[in-house]
Amino acid sequence: MSLLTTDIRLPDDFPVAEKSELNIGYIPLLDCIPVIAAKELGFFEEAGLSVTLSRESSWASIRDKVQYGLLDAAPMPAGIVLASAMHLGASQPMVTAMGLGLNGNAITVSATLWEAINPINATFNSQEAAMALKNYLDSFDGTLNVASVHTYSTHHFLLRAWLQHFDIDPAGKLKQIVVPPPQMVDAMERGVIDMFCVGEPWNSLAQAKGVGHKLLSGHQIWENAPDKVLGVTKRWSDANPATHQRLIAALLKACAWLDNDESKLSGFTMLLNNDYIPIDDMESINLMFGQHSFTPPIATFPWLSQAKWFGQQILKVTDHDQPLGSMDTLVEQTYLTDLYRQVATALNINLPRANTKDEGVHTTDWEIAGTLQPIDMPSDMRFR
Amino acid sequence: MKKRLSVLVIDEDRGRAALVEQALRDQGYDVLARLDTTDHLADRVDELKPDMIIVDLESPDRDVLENMAILNQSSPRPVVMFAEQGDQQTIEKAIRAGVSAYIVDGLEHHRMKAILDVAAARFREFQALRAELADVKNELADRKVIERAKGLVMKHNRCSEEQAFKAMRKMAMDQQKPLNDIAKNIISVLELVS
Numbered sequence: 001m002s003l004l005t006t007d008i009r010l011p012d013d014f015p016v017a018e019k020s021e022l023n024i025g026y027i028p029l030l031d032c033i034p035v036i037a038a039k040e041l042g043f044f045e046e047a048g049l050s051v052t053l054s055r056e057s058s059w060a061s062i063r064d065k066v067q068y069g070l071l072d073a074a075p076m077p078a079g080i081v082l083a084s085a086m087h088l089g090a091s092q093p094m095v096t097a098m099g100l101g102l103n104g105n106a107i108t109v110s111a112t113l114w115e116a117i118n119p120i121n122a123t124f125n126s127q128e129a130a131m132a133l134k135n136y137l138d139s140f141d142g143t144l145n146v147a148s149v150h151t152y153s154t155h156h157f158l159l160r161a162w163l164q165h166f167d168i169d170p171a172g173k174l175k176q177i178v179v180p181p182p183q184m185v186d187a188m189e190r191g192v193i194d195m196f197c198v199g200e201p202w203n204s205l206a207q208a209k210g211v212g213h214k215l216l217s218g219h220q221i222w223e224n225a226p227d228k229v230l231g232v233t234k235r236w237s238d239a240n241p242a243t244h245q246r247l248i249a250a251l252l253k254a255c256a257w258l259d260n261d262e263s264k265l266s267g268f269t270m271l272l273n274n275d276y277i278p279i280d281d282m283e284s285i286n287l288m289f290g291q292h293s294f295t296p297p298i299a300t301f302p303w304l305s306q307a308k309w310f311g312q313q314i315l316k317v318t319d320h321d322q323p324l325g326s327m328d329t330l331v332e333q334t335y336l337t338d339l340y341r342q343v344a345t346a347l348n349i350n351l352p353r354a355n356t357k358d359e360g361v362h363t364t365d366w367e368i369a370g371t372l373q374p375i376d377m378p379s380d381m382r383f384r
Numbered sequence: 001m002k003k004r005l006s007v008l009v010i011d012e013d014r015g016r017a018a019l020v021e022q023a024l025r026d027q028g029y030d031v032l033a034r035l036d037t038t039d040h041l042a043d044r045v046d047e048l049k050p051d052m053i054i055v056d057l058e059s060p061d062r063d064v065l066e067n068m069a070i071l072n073q074s075s076p077r078p079v080v081m082f083a084e085q086g087d088q089q090t091i092e093k094a095i096r097a098g099v100s101a102y103i104v105d106g107l108e109h110h111r112m113k114a115i116l117d118v119a120a121a122r123f124r125e126f127q128a129l130r131a132e133l134a135d136v137k138n139e140l141a142d143r144k145v146i147e148r149a150k151g152l153v154m155k156h157n158r159c160s161e162e163q164a165f166k167a168m169r170k171m172a173m174d175q176q177k178p179l180n181d182i183a184k185n186i187i188s189v190l191e192l193v194s
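Protein chains in written order, with this note's numbering: chain F, 1 to 384; chain S, 1 to 194.
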């Protein structure tokens, strides 16, 4: 059952914001739409917040600015928030009380590599794509440059999970490098990278320009995989609890608005038309390719079970065994499920009863218990 | 005597990079290279092995350096990781000036602080210069607009330069608008009729 955005409003006696002028950063990607929509449709204003959006050039810059208060909050890969909580790459632990979307990523190979691994232009599932790549690598002497956008990004984790699942050594003949999203297509065009995993619209743009070809969608690696979350520092959240809740309320409204293809399409078009994403040949792009979902609470609840998966991926790439203390404590301190619950309750919208769910085992739609009514969950299998 | 620290400066703004490089040399540091963006940044850092990297906070190459820091134990690490009580302020000041840095583990904090301070000061100085330049450019542009409007008024009213200017100044006072706005209006109107 879809939510009506007009019904979503905070009660009049909701606590006043400690801080009402906020700076929020974003990286040009289709999945930054919830913050842009909340701004353009006036949902921030309605929640008593005056928000300035600022386009940032790297995840590192977003993290540092959030760490030092130049930005109050930003959508960021869940991995960056959890890494900071593990004191990796940051000194201020970050927290999140809200997810900002599922899906939206893909793996693209250069036009040359596509021709080499798939001369008959077949449609691949994740296993066929892995086998084709493996066969190519077996008879190939050099190394392929594989780019993702940040070591702690969902793209990097998905890419590694896929390679390792099908016994391809991610460090063997593949050289893992990092390239910022807006430079991805250009780097592939110049022959610097052979394969990349990035969020939309950059895969679709590479394909539209004939520079690359989509090998797999993120959906084929993990259906309805979580990605960005709303990141703030713990210090900021502690100092501004009402502001934080109002921010979540505005974004929940934006996500509820995005709960149908028509809104999504008009939202994405607005991103490209209003220069939030600086590309010109948008007509050739399939904006719906990413299968983005922003639907509350499936895509917005801060599921502890997802935090745990991200935490484990961080340990794998950094060769750590355990975070300080236990993983359970870490995810509970970092994913603020109670804060989300308070806001959703104030808005009178449906909530899952549990903070965790089974991840990656459902081949078809399923259902979980909700506070107001049962919640329809989409399939979430890995390696389709 | 301690070994001279080596610093790598990464900045797409060559003017600013030159300013930072000179200031660091003056303070007795080795500046290994000054790079604007490069596809092979990771290889260059491996090759040069700097003790510290100074990089524009807004540089898209930051995530490349992050990746090196995470995957390679001997690569320089982001300075925000090292923010202990005493350094918080130094790092915050640097970030506000638009400077980010990566440092090797074990670099003494006072030495890191000294380099960050130099870089932040130069970034701020450069920012001020740029703002001043923009002001001068605006002022020149304003003056050109006013001159052009004056010329059009002289032609249209067949009057002297002084009379034209007086007329424009009176309009500005009557309408309580900057002379520059009045000039722009005159140009748009008179260019239509002429």
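Cβ atoms here follow ideal geometry from the backbone N, Cα and C, with glycine treated the same way. Keep in mind that this is a model prediction, so the values were computed, not measured.
What did DSSP end up calling residue 138(F) once you bin it into helix, strand or coil? To locate residue 138(F), count along the first sequence from 1; it is residue 138. Three-state result, residue 138(F): helix.
Please go through the same chain and pick out, in chain order, the residues whose beta-carbon is closer than 6 Å to the beta-carbon of residue 160(F), but skip the five residues on each side of it. In the first sequence, residue 160(F) corresponds to position 160, counting from 1. Result list for residue 160(F): 170, in chain order.
Cβ-based neighbour list, residue 339(F), same chain, cut-off 8 Å, excluding 5 preceding and 5 following: As a working note, residue 339(F) is residue 339 in the first sequence. Shown here for residue 339(F): same chain residues with a beta carbon closer than 8 Å to its own, the five before and five after excluded, namely 97, 237, 241, 244, 245 and 248 in chain order.
Compare the Cα-Cα distances from residue 88(S) to each of 92(F), 87(F), 88(F) and 85(F) and report the closest residue. Stepping through the second sequence from its first residue, residue 88(S) is reached at position 88. Nearest to residue 88(S) by C-alpha distance, out of 92(F), 87(F), 88(F) and 85(F), is 92(F).
Put residue 392(F) into one of helix, strand or coil per three-state DSSP. This structure cannot speak to residue 392(F), because chain F is shown only from 1 to 384.
How would you call residue 1(F), buried or exposed, if buried means at least 16 neighbouring beta carbons within 10 angstroms? Locating residue 1(F) in the first sequence gives position 1, where the first residue counts as 1. With a pLDDT of only 47 at residue 1(F), under the threshold of 50, the placement of this residue in the model should not be trusted; the figure read from the coordinates follows. A residue is called buried once 16 or more other Cβ atoms fall within 10 Å of its Cβ, and residue 1(F), having fewer, is exposed.
When burial is assigned at 16 or more other CB atoms within 10 Å of the CB, is residue 11(F) buried or exposed? Here the question's residue 11(F) lines up with position 11 in the first sequence. Classification of residue 11(F): exposed, given that the 10 Å Cβ count is below 16.
For chain S, check one thing: does any of its Cβ atoms lie closer than 8 Å to the Cβ of residue 59(F)? For this step, residue 59(F) is matched to residue 59 along the first sequence. Judged by the 8 Å Cβ criterion, residue 59(F) is in contact with chain S.
Between the segment 35-53 of chain F and the segment 183-197 of chain F, are three or more C-beta pairs nearer than 8 Å? No contact exists between the segment 35-53 of chain F and the segment 183-197 of chain F.
Here's a check: name, in chain order, each residue in its chain whose Cβ is nearer than 8 Å to the Cβ of residue 293(F), leaving out the five neighbours to either side. By 1-based counting over the first sequence, the position of residue 293(F) is 293. Cβ neighbours of residue 293(F) within its own chain (closer than 8 Å, five residues either side excluded): 101, 102, 103, 224, 299 and 378.
Residue 305(F) beta carbon less than 8 Å from that of residue 62(S): Position 62 of the second sequence, counted from the first residue, corresponds to residue 62(S). Position 305 of the first sequence, counted from the first residue, corresponds to residue 305(F). The beta carbons of residue 62(S) and residue 305(F) sit no closer together than 8 Å.
Give the residues of chain S in contact with residue 89(F), contact being defined as C-beta atoms less than 9 Å apart. Walking along the first sequence from the start, residue 89(F) turns up at place 89. Within chain S, the residues near residue 89(F) are 66, 69, 70, 77, 78, 80 and 81.
Taking only beta carbons into account, state which residues of the segment 150-182 of chain F come closer than 7 Å to chain S, listed in chain order. Cβ contacts with chain S: 150, 151, 177, 178 and 180.
Contacts of residue 57(S) in chain F (Cβ-Cβ under 7 Å): Within the second sequence, numbered from 1, the residue matching residue 57(S) stands at position 57. Think of a sphere of 7 Å around the beta carbon of residue 57(S): the chain F residues whose beta carbon falls inside it are 61 and 64, in chain order.
Going by C-alpha distance, which of 18(F), 150(F), 352(F) and 255(F) is nearest residue 401(F)? The question about residue 401(F) has no answer here: the residues shown for chain F are numbered 1 through 384.
So residue 101(S) is in the beta strand (DSSP E); what residue range does that whole segment cover? Counted from its first residue, the second sequence places residue 101(S) at position 101. Membership of residue 101(S) in the beta strand (DSSP E) is indicated by the continuous run 99-103.
Among the candidates 43(S), 51(S) and 8(S), whose CA atom is the shortest distance from the CA of residue 195(S)? Given a span of 1 to 194 for chain S in the structure shown, any question on residue 195(S) remains unanswerable.
Could you name the residues that DSSP lists as bridge partners for residue 377(F)? Within the first sequence, the letter at position 377 stands for residue 377(F). DSSP lists 366(F) as the beta-bridge partner residues of residue 377(F).
Hey, would you say residue 360(F) sits closer than 8 Å to residue 162(F), going by beta carbons? In the first sequence, the residue the question calls residue 360(F) occupies position 360. In the first sequence, the residue the question calls residue 162(F) occupies position 162. Cβ distance not < 8 Å, so residue 360(F) and residue 162(F) don't count as in contact.
Using 8 Å for Cβ pairs, my map puts residue 83(S) next to residue 120(S). What's the rounded Cβ distance? Position 83 of the second sequence, counted from the start, is the residue given in the question as residue 83(S). Position 120 of the second sequence, counted from the start, is the residue given in the question as residue 120(S). The C-beta distance from residue 83(S) to residue 120(S) rounds to 15 Å, too long to meet the 8 Å contact threshold.
Go ahead and label residue 66(S) buried or exposed: buried means 16 or more other beta carbons lie within 10 angstroms of its beta carbon, across all protein chains shown. As a working note, residue 66(S) is residue 66 in the second sequence. Buried, by the Cβ-count rule.
According to DSSP, which residues form a beta bridge with residue 222(F)? Taking the first residue of the first sequence as position 1, residue 222(F) is located at position 222. DSSP output for residue 222(F) lists 382(F) as bridge partner(s).
Please go through the same chain and pick out, in chain order, the residues whose beta-carbon is closer than 8 Å to the beta-carbon of residue 153(F), but skip the five residues on each side of it. Position 153 of the first sequence, counting from 1, holds the residue named residue 153(F). For residue 153(F), same chain residues with a beta-carbon under 8 Å away, outside a window of 5 residues either side, are 59, 77, 79 and 80 in chain order.
Taking Cβ positions only, does residue 178(S) come closer than 8 Å to chain F? Counting from 1 along the second sequence, the entry for residue 178(S) is found at position 178. Using beta-carbon distances, residue 178(S) does not count as an interface residue toward chain F, since no partner is under 8 Å.
Would you please verify whether the beta carbon of residue 67(F) is less than 8 Å from any beta carbon of chain S? The residue labelled residue 67(F) in the question sits at position 67 within the first sequence. Taking Cβ atoms only, chain S reaches closer than 8 Å to residue 67(F), which makes this a yes.
Does the Cβ-Cβ distance between residue 155(F) and residue 199(F) come in under 8 Å? For the purposes of this step, residue 155(F) is taken as residue 155 along the first sequence, with counting starting at 1. For the purposes of this step, residue 199(F) is taken as residue 199 along the first sequence, with counting starting at 1. It is a contact, given that the beta carbons lie within the stated cut-off.
Can you confirm whether the segment 13-31 of chain S touches the segment 134-144 of chain S when touching is taken to mean that 3 or more C-beta pairs between the two stretches lie within less than 8 Å? With contact defined as three or more Cβ pairs closer than 8 Å, the segment 134-144 of chain S and the segment 13-31 of chain S are not in contact.
Name the residues in the segment 33-45 of chain S whose C-beta lies less than 7 Å from a C-beta of chain F; which are they? Within the segment 33-45 of chain S, the qualifying residues are 39 and 42.
In terms of alpha-carbon separation, which member of 86(S), 149(S), 70(S) and 174(S) lies closest to residue 185(S)? As a first step, residue 185(S) must be located in the second sequence, where it is residue number 185. Comparing alpha carbon positions, the residue from 86(S), 149(S), 70(S) and 174(S) closest to residue 185(S) is 149(S).
Taking Cβ-Cβ distances shorter than 8 Å, what residues in chain F pair up with residue 169(S)? Sequence index remark: in the second sequence, residue 169(S) carries index 169 (1-based). Ordered by position in chain F, no residue passes the 8 Å Cβ test against residue 169(S), which lies about 38 Å from the chain.
Could you spell out where the beta strand (DSSP E) holding residue 21(F) opens and where it closes? Within the first sequence, residue 21(F) is the residue found at index 21, counting from 1. Boundaries of the beta strand (DSSP E) harbouring residue 21(F): 21-26, taken from the DSSP string.
Is residue 21(S) buried or exposed, if buried means 16 or more other CB atoms sit within 10 Å of its CB? Position 21 of the second sequence, counted from the first residue, corresponds to residue 21(S). Buried, by the Cβ-count rule.
I want to see whether chain F comes within less than 8 Å of residue 50(S), judged by CB atoms only; does it? Translated into the one-based positions of the second sequence, residue 50(S) becomes position 50. So no, residue 50(S) is outside the interface.
Please confirm whether residue 10(S) and residue 59(S) have their CB atoms less than 8 Å apart. The residue labelled residue 10(S) in the question sits at position 10 within the second sequence. The residue labelled residue 59(S) in the question sits at position 59 within the second sequence. With respect to residue 59(S), residue 10(S) sits close: the two C-beta atoms are nearer than 8 Å.
Please report whether the beta-carbon of residue 116(F) lies at a distance below 8 Å from any beta-carbon of chain S. One-based indexing of the first sequence puts residue 116(F) at position 116. Residue 116(F) has a beta carbon lying at 8 Å or more from every beta carbon in chain S.
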